[in-house]
Amino acid sequence: MAANHIARVNGRRIWDSRGRPTVEVDIVVEGGASGRAIAPAGASTGSGEAVDLRDGGAAFGGLDVRRAVANVDEIIAPALAGLDVSDQAGIDRLLIELDGTANKASLGGNALIATSLAVLHAAAAAQALPLWRHLAGGAEVTIPLPEIQVFGGGAHAARRVDVQDFMVTCPRSGSFAQALDRTAEVYRAAGQLLSERGLIMGVADEGGYWPAFASNEEALDMLVRAIERAGFTPGDEVAISLDIAASEFGEDGRYRLALDDRELDSDGLCAMLGRWIERYPIVAIEDPLAEDDLEGFRRFTAAYGEKLQVVGDDFLVTSAERVCKAAAGGACNAVLIKPNQAGTVTETKAALDAGKAAGFGTIVSARSGESEDVTIAHLAVGWNAGQLKVGSFARSERMAKWNEVLRIEEALGPGARFARPFG
Ligand code: PGA
Ligand code: ZN
């Protein structure tokens with residue numbers, strides 16, 4: 226049997242950053258090389274995503290994954306035996322067929338993405354290449370600009386603030402390392418400011434501070450102050466990026482902001498965000514409207530798309546088809562790329578390629594439930610995504626990804642090109 230052919234596929238039940246069960250897959254090829262990947266998990270998920278297979282019942286809040294792991298061992302492993310790991314597209318097609326559902330509910334999106342990513346790792350390992358180099362296939366790569374959470378909210382902090390992610394990005398940095406240095410100073414300054422005011426309540430799911438703010442605007446004011454205290458000019462070295470995750474508090478064109486005690490229609494929410502865009506140095510807004518509000522997305526993009534990135538996450542769910550429709554309709558100008566929303570590597574890459582073809586910004590992203598798996602750092606570099614979103618600047622499931630990009634930047638040496646998505 227040829228060296229790249231699959232000798233063994235093995236599913237394993239392990240634990241994610243929220244202490245919930247998740248799926249890990251190991252793949253070994255005949256030549257001895259191996260690949261491993263872990264499925265992440267979202268909390269504010271889009272309804273169009275591939276769904277995780279969870280066991281239900283009383284144990285672990287119904288979140289156990291024993292059936293998904295069994296699907297890897299009993300259904301996926303025999304089907305993949307002997308296949309060539311370098312045929313990612315063929316293997317992903319087979320995984321989709323084996324599952325047979327539109328949302329991957331049968332075998333589980335968690336079983337599928339862990340398997341598909343493990344195949345990718347095994348293919349890189351079989352050539353003795355780091356994953357990013359295997360993906361680049363000899364082409365020049367760019368190091369992504371990081372987008373890093375400072376305050377967490379929404380579904381990741383018991384809705385303490387309505388907005389899910391208050392993030393910073395450092396578009397004028399000369400390197401990834403410098404962007405992290407600047408972010409580290411801002412994160413530290415934000416922590417000091419909050420503890421001085423007695424507003425700190427620990428950290429949220431992605432490592433950002435869990436603050437006791439009285440309004441969403443207070444969070445924005447505090448973020449500007451943190452940037453200044455760190456010694457930077459807001460909007461110059463350090464800019465603001467927001468994930469509104471509006472599907473979490475909006476439906477049928479009505480939006481209920483619990484913290485501000487207001488209910489807005491789609492135009493009202495756009496107007497409120499418009500006032501924030503005028504007052505604060507915001508360069509990107511993700512999911513400004515709910516996933517069912519196509520018209521809102523179109524109006525928002527028409528009004529502000531020239532000035533800032535309008536990013537689709539729950540709205541586009543890493544689907545090439547949805548990206549093409551959004552591009553044709555003028556909704557969004559950037560797409561978040563989360564492999565487990567799509568369910569396979571091939572579908573993830575198709576969504577990224579559709580985004581690039583449409584002239585969209587492309588941001589490879591982690592989930593709120595993560596692990597030590599650093600695959601997305603390699604995808605962002607090897608696929609030239611331009612941006613990477615991993616959560617905050619604390620907790621090792623986040624830091625592992627930032628640190629991996631530092632290693633890749635070092636391996637590229639002085640010639641490393643750093644992406645400039647904001648010009
Ligand atoms: P999730 O959140 O992983 O909980 O879906 C991340 C995001 O909305 O970007
Ligand atoms: Zn999001």
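Quick note on our numbering: the sequence shown kicks off at 226 and runs consecutively.
Yeah, the Cβ is synthetic: ideal placement off N, Cα and C, and Gly gets one too.
Q) Between Leu-459 and the rest of its own chain, which residues show a CB-CB distance below 6 Å, the 5 nearest in sequence each way excluded? A) At residue 459 the sequence reads Pro, which differs from the Leu that was named. Closer than 6 Å at Cβ, skipping near neighbours: Val-449, Ile-452 and Pro-506.
Q) Between the stretch 572-579 and the stretch 595-602, are three or more C-beta pairs nearer than 8 Å? A) With fewer than three CB-CB distances shorter than 8 Å, the stretch 572-579 does not count as touching the stretch 595-602.
Q.
Here's the rule I'm using: 16 or more other beta-carbon atoms within 10 Å means buried, otherwise exposed. How should Thr-587 be labelled?
A. buried
Q.
Taking only three categories from DSSP, how would you classify Asn-565?
A. If DSSP states are grouped into helix, strand and coil, Asn-565 belongs with the helices.
**Q.** Span of the beta strand (DSSP E) around Lys-329
**A.** Looking at the DSSP string, Lys-329 is not in any beta strand (DSSP E), and its letter there is neither H nor E.
**Q.** Under 9 Å between C-beta atoms of Leu-308 and Asn-296
**A.** no
Q) With distances taken between CB atoms, is the gap from Ala-605 to Val-548 smaller than 9 Å? A) no
Q.
Any beta carbon from chain B within less than 9 Å of Leu-631's own beta carbon?
A. Any reference to chain B falls outside this structure, which holds one protein chain only.
Q: Report whether the distance from the Cβ of Ser-272 to the nearest heavy atom of the ligand ZN is below 8 Å.
A: no
Q. Bridge partners of Pro-371, per DSSP?
A. Leu-613
Q.
Could you check whether the stretch 405-425 touches the stretch 492-502, counting it as contact only if at least three pairs of C-beta atoms, one from each stretch, sit closer than 8 Å?
A. Taking 8 Å as the limit for Cβ pairs, the verdict is that the stretch 492-502 does not touch the stretch 405-425.
Q.
So within the stretch 527-564, which uninterrupted alpha helix (DSSP H) runs reach at least 4 residues, ignoring any that extend past its ends?
A. 545-554
Q. Anyone know if the C-beta pair for Pro-355 and Ala-636 falls short of 9 Å?
A. yes
Q. For Asp-512, is the beta carbon positioned less than 8 Å from some heavy atom of the ligand PGA?
A. yes
Q. Is the beta carbon of Thr-543 sitting closer than 9 Å to the one on Glu-274?
A. yes
Q: Compute the Euclidean distance between the alpha carbons of Ala-264 and Ile-301, then round it to the nearest angstrom.
A: 15 Å
**Q.** The alpha helix (DSSP H) enclosing Asn-296, as first and last residue numbers
**A.** 291-296
Q.
Across the stretch 522-537 and the stretch 553-562, are there enough close Cβ pairs to call them in contact, namely three or more that are closer than 8 Å?
A. A contact exists between the stretch 522-537 and the stretch 553-562.
Q | Cβ neighbours of Pro-371 in the same chain (closer than 8 Å, five flanking residues each side left out) | A | Thr-394, Cys-395, Phe-401, Ala-404, Leu-405, Thr-408, Gln-612, Leu-613, Lys-614, Val-615, Trp-627 and Val-630
Q | Neighbourhood of Ala-195 by C-beta, 7 Å cutoff - its chain only, sequence neighbours within 5 removed | A | Nothing about residue 195 can be reported from this structure: the residues present for the chain run from 226 to 648 only.
Q) Gln-389: beta carbon under 8 Å from a heavy atom of the ligand PGA? A) Correct: Gln-389 has its Cβ closer than 8 Å to the ligand PGA.
Q | Three-state secondary structure (DSSP) of Phe-643 | A | For Phe-643, the three-state secondary structure derived from DSSP is strand.
Q. If Arg-238 and Val-276 are in contact, beta carbons under 8 Å, what's the gap, nearest whole angstrom?
A. Going by Cβ atoms, the distance from Arg-238 to Val-276 rounds to 18 Å, so no, they are not a contact pair.
Q. In the DSSP assignment, what are the bridge partners of Arg-487?
A. Partner(s): Leu-482.
Q.
For the structure I just gave you, are there three or more beta carbon pairs, one from the stretch 374-386 and one from the stretch 284-294, closer than 8 Å?
A. no
Q) Grouping DSSP H, G and I as helix and E and B as strand, with all else coil, what is Leu-514? A) coil
Q) Quick one: what's Ala-464 bridged to in DSSP? A) Thr-394
Q. Roughly how far, in whole angstroms, is the beta-carbon of Ala-304 from the beta-carbon of Leu-288, given that I think they are within contact range, below 8 Å?
A. Contact flag wrong, Cβ pair sits at about 26 Å.
Q: Assuming Ile-368 and Phe-643 form a contact by the criterion Cβ under 8 Å, report the distance between their Cβ atoms to the nearest whole angstrom.
A: 5 Å
Q) Is any heavy atom in the ligand PGA found nearer than 8 Å to the beta carbon of Ser-544? A) no
Q. Could you give the distance in angstroms between the alpha-carbon of Phe-474 and the alpha-carbon of Asp-512?
A. 11 Å
Q) Since Thr-247 and Ala-266 are thought to touch, with beta carbons under 8 Å apart, how far apart are those beta carbons, to the nearest angstrom? A) Contact flag correct, Cβ pair sits at about 6 Å.
Q: Work out the CA separation of Gly-607 and Arg-632 for me, nearest whole Å.
A: 14 Å
Q | CB of Asp-517 within 9 Å of CB of Asp-477, strictly | A | yes
Q) Nearest-angstrom Cα distance between Ala-351 and Arg-261? A) 13 Å
Q) Taking just the CA atoms, how far does Asn-565 sit from Asn-441? A) Their backbone Cα atoms lie some 30 Å apart in a straight line.
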